[in-house]
Amino acid sequence: FFAKPLPEDRVGIQDFVLLDAHNSETAFLDNLKKRFTEDLIYTYIGTLLISVNPYKELDIYTKKQMDLYMGVNFFELPPHIYALADNVYHTMLSEANNNFILISGESGAGKTEASKKILQYYAVSCPSSTLMDTVRDRMLMSNPVLEAFGNAKTMKNDNSSRFGKYMDIQFDCQGDAVGGHILSYLLEKSRVVHQNHGERNFHIFYQLVEGGEEDLLRHLGLEKDTKRYSYLVQV
1 FFAKPLPEDR
11 VGIQDFVLLD
21 AHNSETAFLD
31 NLKKRFTEDL
41 IYTYIGTLLI
51 SVNPYKELDI
61 YTKKQMDLYM
71 GVNFFELPPH
81 IYALADNVYH
91 TMLSEANNNF
101 ILISGESGAG
111 KTEASKKILQ
121 YYAVSCPSST
131 LMDTVRDRML
141 MSNPVLEAFG
151 NAKTMKNDNS
161 SRFGKYMDIQ
171 FDCQGDAVGG
181 HILSYLLEKS
191 RVVHQNHGER
201 NFHIFYQLVE
211 GGEEDLLRHL
221 GLEKDTKRYS
231 YLVQV
């Protein structure tokens with residue numbers, strides 16, 4: 001499936017542990033730059049995964065890619081978030097213990113998208129059942145709702161999460177998903193009444209005013225024009 005490997009001087013090292021100058025920040029950044037230039041946004045540091053937001057669509061999240069990474073040794077294929085998700089899943093099963101994936105980074109780094117890719121991978125790779133399908137659908141369909149109420153446009157990101165999110169997926173001893181819950185915290189409530197220059201309020205307010213049905217807007221005493229509301233047009 002993968003093409004012939006490109007020369008190292010062009011695409012860099014796919015695991016920073018193997019970098020000769022592993023203590024050099026310059027060498028570290030140069031390696032990231034080489035890989036990013038070739039649309040290789042994932043790089044390992046041992047079992048850690050570094051992801052650089054490409055700010056464009058990449059054809060690396062297909063069903064074929066998911067199948068490729070299922071049950072494969074972590075380092076056997078090029079770095080990918082599917083490899084990380086698969087490794088955590090099988091480690092959980094083999095050790096019969098809780099495992100977690102911590103996604104961190106500054107605003108606009110791609111944390112929300114990374115969590116979506118992991119959920120999508122588990123939705124395809126985990127054993128399928130009626131209960132699993134229900135859990136999968138609820139977890140995936142909750143994302144647009146959470147983003148509507150908790151995301152907003154900022155200077156760095158048009159869909160920036162303004163809250164923290166802890167997602168818990170529960171599996172039985174066979175590896176079937178049997179439940180889950182999402183806990184949100186540290187919501188940036190002050191954004192409701194004040195936004196910095198060039199930023200916006202939470203998505204839900206614009207969606208309500210611009211997309212709400214006439215009967216609903218009339219019931220709430222709202223008009224279909226965001227410019228009439230100072231909280232939505234602050235400059």
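Read in order, the letters of the sequence shown correspond to residues 1 to 235 in full-length UniProt numbering.
Beta carbons: idealized from backbone N, C-alpha and C, even for Gly.
In this text the structure is predicted, and so the values were computed from the model without any measurement.
Residue i at chain B interface by Cβ criterion, 8 Å
i	result
glycine 46	No chain B is part of this structure, which consists of one protein chain only.
Element boundaries [beta strand (DSSP E), containing residue i]
i	result
glycine 180	177 to 185
Three-state secondary structure (DSSP) of residue i
i	result
aspartate 67	helix
isoleucine 118	helix
leucine 58	coil
aspartate 137	helix
phenylalanine 1	With a pLDDT of 49 at phenylalanine 1, under the threshold of 50, the modelled position of this residue cannot be trusted, and the question is left open.
aspartate 225	coil
aspartate 215	helix
asparagine 15	Per the sequence shown, residue 15 should be read as aspartate rather than asparagine. The answer is strand: DSSP assigns aspartate 15 an E or B state.
lysine 202	Per the sequence shown, the amino acid found at residue 202 is phenylalanine instead of lysine. Reduced to three states, the DSSP call for phenylalanine 202 is strand.
leucine 77	coil
histidine 22	coil
leucine 102	coil
serine 190	helix
proline 127	coil
valine 209	helix
histidine 90	helix
valine 145	helix
alanine 96	coil
serine 107	coil
Chain-order list of residues whose beta-carbon lies under 7 Å from that of residue i (same chain, five-residue window excluded)
i	result
leucine 216	none
lysine 117	Tyr61 and Ile81
alanine 114	Ser51, Ile81 and Ile103
serine 129	Asp176
methionine 70	Asp86 and Ser125
threonine 109	Residue identity check: residue 109 is alanine in the sequence provided, not threonine. So the qualifying residues of the chain are Asn53.
glutamine 195	Asn201 and Gln234
glutamate 214	none
Beta-bridge partners of residue i, as assigned by DSSP
i	result
serine 160	Ala152
aspartate 171	The sequence shown places phenylalanine at residue 171, not aspartate. BP columns for phenylalanine 171 point to Ala177.
residue 242	Because the chain spans 1 through 235 in this model, residue 242 falls outside it and cannot be assessed.
tyrosine 166	Leu183
Limits of the unbroken alpha helix (DSSP H) element including residue i
i	result
asparagine 31	25 to 37
Residues of its chain near residue i, where Cβ-Cβ distance is below 8 Å and the 5 sequence neighbours each way are ignored
i	result
valine 193	Tyr231
leucine 131	Asp176, Ala177 and Val178
asparagine 31	Gly12, Ile13, Phe16, Leu19 and Thr43
isoleucine 182	Met139, Ser142, Leu146, Lys165, Tyr166, Met167 and Asp168
asparagine 157	Ser107 and Gly108
Residues near residue i by beta carbon distance below 6 Å, same chain, minus five either side
i	result
methionine 92	Asn99
phenylalanine 171	Ala177
residue 245	No statement about residue 245 is possible, as the shown extent of the chain runs from 1 to 235 and does not include it.
threonine 112	Ser161
| Segment contact flag, the region 43 to 55 with the region 80 to 91, C-beta cutoff 8 Å, min 3 pairs | yes
| message | Across the region 206 to 223 and the region 167 to 177, are there enough close Cβ pairs to call them in contact, namely three or more that are closer than 8 Å? | response | no
| Using 8 Å as the threshold, is the region 150 to 161 in touch with the region 122 to 129, meaning 3 or more CB pairs across them? | no
| message | I want to know whether the region 197 to 208 touches the region 219 to 231 - three or more CB-CB distances under 8 Å. | response | yes
| message | Can you confirm whether the region 90 to 103 touches the region 148 to 158 when touching is taken to mean that 3 or more C-beta pairs between the two stretches lie within less than 8 Å? | response | no
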